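Q: Once you've had a glance at the structure underneath, I'll fire off some questions.
Number of protein chains: 2
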Amino acid sequence: MALPPPAVVGIPLADVDTPALIVDLDAFERNLARMAGRANALGVRLRPHAKTHKSPLIAMKQIAHGAVGVCCQKVSEAEVLVAGGVPDVLVSNEVVGRVKLDRLAALSRAARVALCIDTTALIRDTAEAAERAGMQLGVLVEIDVGGRRCGIAPGAPAAELARLVDREPSLRFAGLQAYHGSAQHKRTHGERRAAIGEAADRVRVTLDALERSGLACETVGGAGTGTFEFEGASGIWNELQPGSYVFMDGDYARNLGPDGRPVDSFEHALFLHVTVLSTNGSDRAVIDAGHKAVSNDSGFPDIVGRSGAVYHRPSDEHGVLDLTRCNDRPRVGDKLRLIPGHCDPTVNLHDWCIGVRGLGSADPHVTEIWPVAARGAVF
Amino acid sequence: MALPPPAVVGIPLADVDTPALIVDLDAFERNLARMAGRANALGVRLRPHAKTHKSPLIAMKQIAHGAVGVCCQKVSEAEVLVAGGVPDVLVSNEVVGRVKLDRLAALSRAARVALCIDTTALIRDTAEAAERAGMQLGVLVEIDVGGRRCGIAPGAPAAELARLVDREPSLRFAGLQAYHGSAQHKRTHGERRAAIGEAADRVRVTLDALERSGLACETVGGAGTGTFEFEGASGIWNELQPGSYVFMDGDYARNLGPDGRPVDSFEHALFLHVTVLSTNGSDRAVIDAGHKAVSNDSGFPDIVGRSGAVYHRPSDEHGVLDLTRCNDRPRVGDKLRLIPGHCDPTVNLHDWCIGVRGLGSADPHVTEIWPVAARGAVF
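Okay, structure coming up:
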């Protein structure tokens with residue numbers, strides 16, 4: 001039921017229908033290369049998170065840059081990724097229920113597939129699904145490193161869970177999942193460093209407990225765009241899972257570096273292209289993008305190149321720009337570029353990414369159109 | 380690229396994969412009949428808003444209950460609705476740009492189509508698109524009745540705009556669009572009544588100005604689920620545009636009636652069916668539904684039948700339930716039912732609505748599966 005794309009290859013950016021997701025291909029490629037280079041320099045593997053882009057095409061570009069595979073959060077995402085040619089997918093999440101486990105086990109015939117477990121209650125169901133498929137599934141034991149979401153307690157409880165996984169012939173204990181989600185957007189460098197320092201302590205006691213149990217731990221996975229430098233340099237994690245770096249959120253760019261200034265390691269490569277619908281009232285302009293076109297859960301989008309214009313009061317299909325401090329007021333029909341506050345759920349609202357070359361030039365053109373193939377893959 | 384539905388007709392609700400949108404068909408049908416009855420009793424036309432459900436199938440049920448047609452907000456929604464058989468669609472929004480105007484004018488060959496205009500700058504573009512298609516387009520002049528979003532100033536400016544529309548042979552001045560969005564969720568009955576009272580004053584001065592210009596005003600459209608009783612009883616509006624009543628938001632149900640108690644005119648008919656993924660930590664359970672499965676812009680979802688369990692800390696694919704005050708703690712694998720805070724953007728996240736009969740019974744079953752055909756129709 002996907003609608004046709006809002007552009008065709010070859011047209012100028014100005015002719016792309018709105019609202020539309022625009023990828024600055026030049027910035028995107030620099031982001032891909034930069035993260036690959038960082039992982040290389042840190043001496044760790046890179047397994048980028050595909051929940052950001054939901055695109056096998058982008059996943060394959062990440063793999064071409066040296067990534068060992070990708071992560072995703074849902075079995076249905078894994079299916080779309082494997083169908084698109086991705087050879088190695090970790091579902092970095094718990095998978096609950098026979099329907100999903102059977103699908104994942106079946107998928108493991110076509111690609112290397114692993115998943116996370118954080119409770120003994122899931123071991124039998126997972127092992128039986130693998131048995132029914134005649135396959136062995138890789139399992140990471142997820143530990144709670146401070147995010148207080150999923151994950152078993154570190155140390156002995158995690159090691160005991162690993163031992164029970166390892167006892168199942170159809171499961172293979174593949175390591176630890178140690179992702180600290182709530183650390184990613186802590187604003188100061190010191191807060192993020194401290195949070196990952198504590199997470200490292202929790203991984204360390206778990207590694208010690210595993211060693212006492214005689215269990216090898218081939219992978220310690222985790223990290224996101226906000227903290228990967230800490231995990232990468234820790235000597236503990238050996239597989240990084242950042243996702244947002246390819247597009248770079250507005251919100252991530254509000255994180256501060258060691259010098260107290262906003263981090264600038266990655267460039268904004270994802271934009272929402274919008275049109276001004278209405279300018280009645282001297283204080284405002286109304287654009288054609290509200291909750292159904294941009295996710296506002298991590299702050300409202302920033303507006304490129306219109307100093308003083310502030311997005312506020314979103315409704316389902318509209319956003320209101322407060323222009324009281326803007327001297328360059330847009331007119332009806334003007335097209336604007338927004339930086340989404342949070343890329344992942346914004347991408348999930350759209351069926352297409354419109355790839356543009358020369359975005360900073362006088363004459364940017366559409367050169368690629370990518371389906372958001374796993375959009376809506378929530379199962 | 381839509382994924383297959385998370386259910387097949389005939390299976391028990393317990394076997395529906397999660398997260399999934401569930402429609403309580405019994406409550407849904409009562410809501411349809413109740414709103415039709417209210418419009419009838421008020422002596423006004425009903426043109427429900429299809430932006431809530433994005434489904435021609437549901438639109439046709441509303442029309443079968445007496446609605447004169449439906450509204451939507453986007454040209455691409457109108458296309459999907461007309462393709463699904465809907466004979467009369469109002470785009471209750473400004474339509475900007477030649478691409479969209481040409482598509483809407485072309486669509487007017489297949490169905491009765493109208494749109495809104497709130498500035499003279501749009502008249503020529505709209506008229507030319509209608510001329511190119513060899514059609515006449517209906518135009519409502521949108522006035523700002525207090526929402527400070529789109530809409531020209533009431534009174535003389537609106538009447539002058541109507542006069543300019545009426546002068547174009549390819550356009551037909553069809554009336555006023557007078558929707559007060561921000562009044563819908565004002566909490567007390569008195570606040571909503573006062574807001575619509577002020578809106579009525581703004582419509583009245585506009586009707587007076589139109590009369591002085593010798594322009595007939597066949598339609599005054601507006602109203603939503605939160606305020607339609609006021610518009611309907613005003614003697615001014617003659618076409619009501621509520622949308623949410625079919626499903627009924629968690630947030631709408633927090634509106635208070637004249638007795639100071641929550642309104643109960645419509646029933647919750649839309650639910651998110653979810654699974655518990657993890658219960659590590661004595662204070663919480665983690666479910667498989669975050670920002671990508673439920674919209675949190677108007678408050679977090681409520682949880683049905685687990686007193687004291689509170690949804691909080693949503694992330695992209697997870698929601699955390701605070702169980703510190705819950706005595707009936709869910710276990711891993713349990714399925715729960717959530718009432719979305721805001722139905723419209725939640726529906727837009729899903730490809731399918733799973734229709735269930737006997738939801739309150741011991742053995743609810745899937746009896747219908749409806750595509751959210753205009754999901755992602757943001758253009």
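Protein chains in written order, with the numbering used here: chain A, 1 to 379; chain B, 380 to 758.
Every residue, glycine too, gets a C-beta built ideally from N, C-alpha and C.
All figures in this text were calculated on a predicted structure; none of them were measured in a lab.
Among the residues of its own chain, which have a CB less than 7 Å from the CB of B:Phe-607, if the five just before and after it don't count?
A: Translated into the one-based positions of the second sequence, residue 607 of chain B becomes position 228. Once the five neighbours on either side are set aside, the close Cβ partners of B:Phe-607 are Leu-619, Pro-621.
Q: In chain B, what lies closer than 7 Å to A:Pro-345 by C-beta?
A: Taking the first sequence and counting its residues from 1, one reaches residue 345 of chain A at position 345. Neighbours of A:Pro-345 on chain B, chain order: His-670, Lys-671, Asp-695.
Q: Relative to the C-alpha of B:Asp-403, which residue among B:Val-492, B:Thr-746, B:Ala-490, B:Asp-730 is closest?
A: Position 24 of the second sequence, counted from the first residue, corresponds to residue 403 of chain B. Of B:Val-492, B:Thr-746, B:Ala-490, B:Asp-730, the residue nearest in Cα terms is B:Thr-746.
Q: Of all the CB atoms in chain B, is at least one closer than 8 Å to the CB of A:Asn-255?
A: Residue mapping note: residue 255 of chain A aligns to position 255 of the first sequence, counting from 1. Chain B contact via Cβ: absent.
Q: Look at B:Cys-596 and B:Gly-636 and say whether their C-beta atoms are less than 8 Å apart.
A: Numbered from 1 along the second sequence, position 217 holds the residue referred to as residue 596 of chain B. Numbered from 1 along the second sequence, position 257 holds the residue referred to as residue 636 of chain B. Against a cut-off of 8 Å, the Cβ pair of B:Gly-636 and B:Cys-596 comes out as no contact.
Q: Is the CB of B:Lys-565 under 8 Å away from at least one CB in chain A?
A: Locating residue 565 of chain B in the second sequence gives position 186, where the first residue counts as 1. Chain A contact via Cβ: absent.
Q: Give me the chain B residues within the contact set of A:Glu-191, using Cβ-Cβ distance strictly less than 7 Å, ordered along the chain.
A: For the purposes of this step, residue 191 of chain A is identified with residue 191 of the first sequence, where counting begins at 1. Per Cβ cutoff of 7 Å: no residues; A:Glu-191 is ~18 Å from chain B at best.
Q: Is it buried or exposed, B:Ser-677, if we count other Cβ atoms within 10 angstroms and call 16 or more buried?
A: On the second sequence, position 298 is the one that residue 677 of chain B refers to. By the neighbour-count rule (16 or more Cβ atoms within 10 Å), B:Ser-677 is buried.
Q: In the DSSP assignment, what are the bridge partners of A:Cys-72?
A: Here the question's residue 72 of chain A lines up with position 72 in the first sequence. DSSP, once it has assigned bridges, lists A:Val-91 as partnering A:Cys-72.
Q: Would you verify that the beta carbon of A:Gly-226 is, or is not, closer than 8 Å to some beta carbon of chain B?
A: The residue you call residue 226 of chain A lines up with position 226 of the first sequence. Closer than 8 Å: no.
Q: By the 10 Å Cβ neighbour count, where 16 or more other Cβ atoms means buried, how is A:Asp-88 classified, buried or exposed?
A: The sequence position of residue 88 of chain A within the first sequence is 88, counting from 1. Per the 10 Å Cβ criterion, buried.
Q: Give me the Cα-Cα distance between B:Ser-549 and A:His-350, rounded to the nearest whole angstrom.
A: The count along the second sequence starts at 1 and reaches residue 549 of chain B at position 170. The count along the first sequence starts at 1 and reaches residue 350 of chain A at position 350. Near 34 Å, if we compare the C-alpha coordinates of A:His-350 and B:Ser-549.
Q: Starting from B:Val-665, find everything on chain A with Cβ-Cβ shorter than 7 Å and list it in chain order.
A: By 1-based counting over the second sequence, the position of residue 665 of chain B is 286. Near B:Val-665 (Cβ distances below 7 Å), the residues of chain A are Arg-149, Cys-150.
Q: Please compile the residues from chain B whose C-beta is within a distance smaller than 8 Å of the C-beta of A:Ala-377.
A: Start at 1 with the first residue of the first sequence, and residue 377 of chain A comes out as number 377. What A:Ala-377 touches in chain B: Leu-382.
Q: By the DSSP assignment, the alpha helix (DSSP H) with B:Arg-716 in it spans what residues?
A: Mapped onto the second sequence, residue 716 of chain B falls at position 337. It is not in any alpha helix (DSSP H) - B:Arg-716 instead sits in the beta strand (DSSP E) that spans 714-718.
Q: Quick one: is A:Ile-11 buried, meaning 16 or more other Cβ sit within 10 Å of its Cβ, or exposed?
A: The residue labelled residue 11 of chain A in the question sits at position 11 within the first sequence. So A:Ile-11 ends up on the exposed side.
Q: Are at least three pairs of beta-carbons, each pair with one atom in the region 4-19 of chain A and one in the region 354-373 of chain A, less than 8 Å apart?
A: They touch, by the three-pair rule.
Q: Would the beta-carbon of B:Leu-715 fall within 8 Å of that of B:Ile-682?
A: As a working mapping, residue 715 of chain B is identified with position 336 in the second sequence. As a working mapping, residue 682 of chain B is identified with position 303 in the second sequence. Yes, these two residues count as a Cβ contact at 8 Å.
Q: If you scan the region 173-246 of chain A from start to end, which runs of the beta strand (DSSP E) of 3 or more residues do you find wholly inside it?
A: Listed in chain order, they are 219-222.
Q: Please confirm whether A:Arg-34 and A:Val-70 have their CB atoms less than 8 Å apart.
A: Numbered from 1 along the first sequence, position 34 holds the residue referred to as residue 34 of chain A. Numbered from 1 along the first sequence, position 70 holds the residue referred to as residue 70 of chain A. Contact: no.
Q: Give the DSSP-derived three-state secondary structure of A:Leu-115 in the structure shown.
A: Numbered from 1 along the first sequence, position 115 holds the residue referred to as residue 115 of chain A. Residue state, collapsed to three classes: strand.
Q: With distances taken between CB atoms, is the gap from A:Ala-194 to A:Gly-226 smaller than 8 Å?
A: In the first sequence, residue 194 of chain A corresponds to position 194, counting from 1. In the first sequence, residue 226 of chain A corresponds to position 226, counting from 1. Going by C-beta atoms, A:Ala-194 is not nearer than 8 Å to A:Gly-226.
Q: Along the chain, where does the alpha helix (DSSP H) that runs through A:Ile-143 open and close?
A: Position 143 of the first sequence, counted from the start, is the residue given in the question as residue 143 of chain A. Unbroken run through A:Ile-143: none, as it is neither H nor E.
Q: By the 8 Å beta-carbon criterion, what residues does the region 83-104 of chain A contribute toward chain B?
A: If the cut-off is 8 Å between Cβ atoms, the region 83-104 of chain A has Asn-93, Glu-94, Val-96, Gly-97, Val-99, Lys-100 near chain B.
Q: Just the chain A side, please: which residues come within less than 7 Å of B:Pro-385 by C-beta, in chain order?
A: Looking up residue 385 of chain B in the second sequence gives position 6. Under the 7 Å cutoff, chain A gives Phe-379.
Q: Do the region 109-127 of chain A and the region 242-251 of chain A meet, that is, are 3 or more Cβ pairs less than 8 Å apart?
A: Contact fails: fewer than three Cβ-Cβ distances are below 8 Å.
Q: Answer yes or no: do B:His-428 and A:Ser-295 have a C-beta to C-beta separation smaller than 8 Å?
A: Reading the second sequence from its first residue, position 49 is the one you call residue 428 of chain B. Reading the first sequence from its first residue, position 295 is the one you call residue 295 of chain A. Their beta carbons are not under 8 Å apart, which means B:His-428 does not touch A:Ser-295 by this criterion.
Q: If we count Cβ pairs, one from each stretch, closer than 8 Å, do we get three or more for the region 528-536 of chain B versus the region 576-587 of chain B?
A: Output reads yes: the region 576-587 of chain B touches the region 528-536 of chain B.
Q: Who are the Cβ neighbours of A:Val-9 in its own chain at under 8 Å, not counting the five residues just before and after it?
A: Taking the first residue of the first sequence as 1, we reach residue 9 of chain A at position 9. Hits under 8 Å: Val-366, Thr-367, Glu-368, Ile-369.
Q: Quick one: give me the first and last residue of the beta strand (DSSP E) that A:Ala-20 is part of.
A: Position 20 of the first sequence, counted from the start, is the residue given in the question as residue 20 of chain A. Start and end: 20-24.
Q: Can you name, in chain order, every residue of its own chain whose Cβ lies under 7 Å from the Cβ of A:Asn-238, other than the five neighbours on each side?
A: In the first sequence, residue 238 of chain A corresponds to position 238, counting from 1. Cβ neighbours of A:Asn-238 beyond the five flanking positions: Val-44, Arg-45, Thr-219, Val-220.
Q: Are the CB atoms of B:Gln-556 and A:Glu-317 nearer to each other than 8 Å?
A: What you label residue 556 of chain B is simply residue 177 of the second sequence in a count that begins at 1. What you label residue 317 of chain A is simply residue 317 of the first sequence in a count that begins at 1. No, they are not a contact pair.
Q: Looking at A:Asn-280 and B:Asp-504, is the spacing between their C-beta atoms short of 8 Å?
A: Position 125 of the second sequence, counted from the first residue, corresponds to residue 504 of chain B. Position 280 of the first sequence, counted from the first residue, corresponds to residue 280 of chain A. Result no, Cβ atoms of B:Asp-504 and A:Asn-280 do not sit closer than 8 Å.
Q: Whose Cβ in chain A lies nearer than 9 Å to the Cβ of B:Glu-712?
A: Stepping through the second sequence from its first residue, residue 712 of chain B is reached at position 333. A small fix is needed here, since residue 712 of chain B is Gly in this sequence, not Glu. Residues of chain A passing the Cβ test: Val-96, Gly-97, Ala-121, Leu-122, Asp-125.
Q: Select from the region 269-280 of chain A all residues with a C-beta closer than 8 Å to any C-beta belonging to chain B, and list them in chain order.
A: If the cut-off is 8 Å between Cβ atoms, the region 269-280 of chain A has Thr-275, Val-276, Leu-277, Ser-278, Thr-279, Asn-280 near chain B.
Q: If the cut is a Cβ gap below 9 Å, which residues of chain B does A:Pro-258 touch?
A: Within the first sequence, the letter at position 258 stands for residue 258 of chain A. Per Cβ cutoff of 9 Å: no residues; A:Pro-258 is ~26 Å from chain B at best.
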